[in-house]
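Engineer: One gets this note's numbering by counting positions in the sequence shown from 1 and adding 20 to each. Here a beta-carbon is modelled for each residue, glycine too, at the ideal position from N, C-alpha and C. Quick caveat, the model's predicted, so the values are computed rather than measured.
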Amino acid sequence: MSEIQDAVRDRYAAKALQMAQPRVTGALAVACSLSETDLLTRRAEWRAIDTAALIDRREASGTVTSTYRTSPGTLTELARLVAAEQVCCATSRWELHREGDEVRVTVDASRGTCCEDDCCGTSYSTAELESVGIDATSSLGCGNPMLLADLRQGERVLDLGSGAGLDVLLSARRVGPEGHAYGVDMTDEMLAVARANQAKAAVTNATFLKGTIEDIPLPDAAVDVVISNCVINLAADKRAVLREAHRVLRPGGRFAVADMVAFAELPVEVKRSLDQWAGCVAGTISIDEYTAALQDAGFTGIDVEITRETHLEGLEGAIASAYIRARKEATA
Ligand SMILES: C[S@@+](CC[C@H](N)C(=O)[O-])C[C@H]1O[C@@H](n2cnc3c(N)ncnc32)[C@H](O)[C@@H]1O
Numbered sequence: 021m022s023e024i025q026d027a028v029r030d031r032y033a034a035k036a037l038q039m040a041q042p043r044v045t046g047a048l049a050v051a052c053s054l055s056e057t058d059l060l061t062r063r064a065e066w067r068a069i070d071t072a073a074l075i076d077r078r079e080a081s082g083t084v085t086s087t088y089r090t091s092p093g094t095l096t097e098l099a100r101l102v103a104a105e106q107v108c109c110a111t112s113r114w115e116l117h118r119e120g121d122e123v124r125v126t127v128d129a130s131r132g133t134c135c136e137d138d139c140c141g142t143s144y145s146t147a148e149l150e151s152v153g154i155d156a157t158s159s160l161g162c163g164n165p166m167l168l169a170d171l172r173q174g175e176r177v178l179d180l181g182s183g184a185g186l187d188v189l190l191s192a193r194r195v196g197p198e199g200h201a202y203g204v205d206m207t208d209e210m211l212a213v214a215r216a217n218q219a220k221a222a223v224t225n226a227t228f229l230k231g232t233i234e235d236i237p238l239p240d241a242a243v244d245v246v247i248s249n250c251v252i253n254l255a256a257d258k259r260a261v262l263r264e265a266h267r268v269l270r271p272g273g274r275f276a277v278a279d280m281v282a283f284a285e286l287p288v289e290v291k292r293s294l295d296q297w298a299g300c301v302a303g304t305i306s307i308d309e310y311t312a313a314l315q316d317a318g319f320t321g322i323d324v325e326i327t328r329e330t331h332l333e334g335l336e337g338a339i340a341s342a343y344i345r346a347r348k349e350a351t352a
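Here is the structure:
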């Protein structure tokens, strides 16, 4: 179990360090839906073509333009790499233009040069993101818990696995000065990014706590709502997480999370892969298992809504993003 937790912590510590670095968009970090190994390979392919043919790279108004010398080989390789990035993250608008002896690759880096190797796309509106001054690349989630949590002024909210803090800060804005938003995360590097984002957004009614979601550092009945975004699947002991979520909710409190679920039994080699576990794949459980674990933890009114199927090579149709809602009985 601690092997899984160590792998998850290492993965998100590395991501936090990437987030904390000033964005060097000219370096063109690339590619989602890739394993760590494939990501390294893709980066090496970009480095190789840069070394062989890059003439100039500059950034203006969020667009990075890289100019390459053309040759049939360069053109073919650039077309292949750009097509791969377009599949990865349409919002970044990767494009290739041929002009005489040169070929230009442009990418809208303000939307992220890629959508990382976990979950693609964003579920947040521009207005939401602007309200906390954070861009969508700070989200490593698989949905937007704000869409299902129905937060009200004065409520206390807890985000399990708060990462860079986007959902905590949005919740804090929603619940207003009379309410409070807590985030729990086990990774020091992520907590540092989240606290820096909080300072940038000047949000005062939020607190980021260090801890695990299997042992939440809050007293019983401390919050009205528990949210989470693409984290519970990462826990080795999901039943402990759901019991803890139930414990910290007040009677009548709401559970509203975005998470990944499995439609089919995953191959044994995938289940055993720590890399695939940390990438939100191997730790997924079926809707039936999720529902049973929620019931056993004491939740009622359980509803699971599939929001997007995930297309992974070799695992087509096996996992999907879902919105999961439940309630702690008012009399509990
Ligand atoms: C996939 S990221 C999601 C982050 C955030 N919810 C978001 O939507 O961007 C997973 C986050 O959960 C944290 N995490 C994973 N397992 C955890 C656990 N068992 N206890 C506490 N934090 C955990 C990681 O450190 C990481 O920050």
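Would you check if the distance between the CB atom of Ala241 and the CB atom of Arg270 is smaller than 9 Å?
Structural biologist: Yes.
Engineer: Taking DSSP as the reference, what is the three-state secondary structure of Arg172?
Structural biologist: If DSSP states are grouped into helix, strand and coil, Arg172 belongs with coil.
Engineer: Of all residues in the structure, which have a C-beta closer than 5 Å to any heavy atom of ligand 1, taken in chain order?
Structural biologist: Matched residues: Val28, Tyr32, Ser159, Leu160, Gly161, Gly181, Gly183, Asp205, Met206, Thr207, Met210, Thr232, Ile233, Asn249, Cys250, Val251, Leu254 and Ala255.
Engineer: At what residues does the alpha helix (DSSP H) containing Asp257 begin and finish?
Structural biologist: First-last for Asp257: undefined, no H or E at that position.
Engineer: Quick check on Ala350: buried or exposed, where buried means 16 or more other Cβ atoms within 10 Å of its Cβ?
Structural biologist: The residue is exposed, with fewer than 16 neighbouring Cβ atoms inside 10 Å.
Engineer: Is it the case that the Cβ atoms of Asp257 and Leu229 are separated by a distance below 9 Å?
Structural biologist: Contact: no.
Engineer: Can you find the residues in the same chain that come closer than 6 Å, C-beta to C-beta, to Ser293, ignoring five residues on each side of it along the sequence?
Structural biologist: Cβ neighbours of Ser293 beyond the five flanking positions: Ala302.
Engineer: For Arg31, collect the residues of the same chain with a Cβ closer than 7 Å to its Cβ; drop the 5 residues on either side in sequence, then sort them by chain order.
Structural biologist: So the list reads Ala298, once near-sequence residues are dropped.
Engineer: Beta carbon of Thr320, beta carbon of Ala346: below 9 Å?
Structural biologist: Yes. Within cutoff.
Engineer: Just how far apart, CA to CA, sit Gly334 and Gly272?
Structural biologist: Taking the straight line from one Cα to the other gives about 42 Å.
Engineer: Return the first residue and the last residue of the beta strand (DSSP E) that Val358 is part of.
Structural biologist: Because the chain spans 21 through 352 in this model, residue 358 falls outside it and cannot be assessed.
Engineer: Please go through the stretch 202 to 270 and give each complete beta strand (DSSP E) segment of 3 or more residues, from N-terminal end onward.
Structural biologist: Whole beta strand (DSSP E) segments, 3+ residues: 226 to 230 and 243 to 249.
Engineer: Can you say whether Leu37 is buried or exposed, counting buried as having 16 or more other CB atoms within 10 angstroms of its CB?
Structural biologist: So Leu37 ends up on the exposed side.
Engineer: Looking at the structure shown, is Arg29 part of a helix, part of a strand, or coil, going by DSSP?
Structural biologist: Arg29: helix per DSSP, three-state reduction.
Engineer: Of all the options Trp114, Thr90 and Val251, which has the alpha carbon lying nearest to the alpha carbon of Gly183?
Structural biologist: The residue with the shortest Cα to Cα distance from Gly183 is Val251.
Engineer: If you count every other CB in all the chains shown that lies within 10 Å of the CB of Ala265, and 16 or more means buried, which is it?
Structural biologist: By the 10 Å Cβ count, Ala265 comes out buried.
Engineer: For the beta strand (DSSP E) that contains Leu116, what are its first and last residues?
Structural biologist: Where Leu116 is concerned, the enclosing beta strand (DSSP E) stretches over Glu115 to Glu119.
Engineer: Residue ranges of each beta strand (DSSP E) run of no fewer than 3 residues wholly in the stretch 175 to 201, ordered along the chain?
Structural biologist: Here the runs fully enclosed are 176 to 180.
Engineer: Taking three-plus beta-carbon pairs below 8 Å as touching, is the stretch 196 to 210 in contact with the stretch 219 to 236?
Structural biologist: Yes, since at least three Cβ pairs between the stretch 196 to 210 and the stretch 219 to 236 fall closer than 8 Å, the two stretches touch.
Engineer: How many Å lie between Thr90 and Thr126 at the Cα?
Structural biologist: About 15 Å.
Engineer: Relative to the alpha-carbon of Val152, which residue among Arg100, Arg124, Ala219 and Asp128 has its alpha-carbon at the smallest distance?
Structural biologist: It is Ala219.
Engineer: Do you know offhand how far Arg29's Cα is from Ala222's?
Structural biologist: Distance between the alpha carbons of Arg29 and Ala222: 27 Å.
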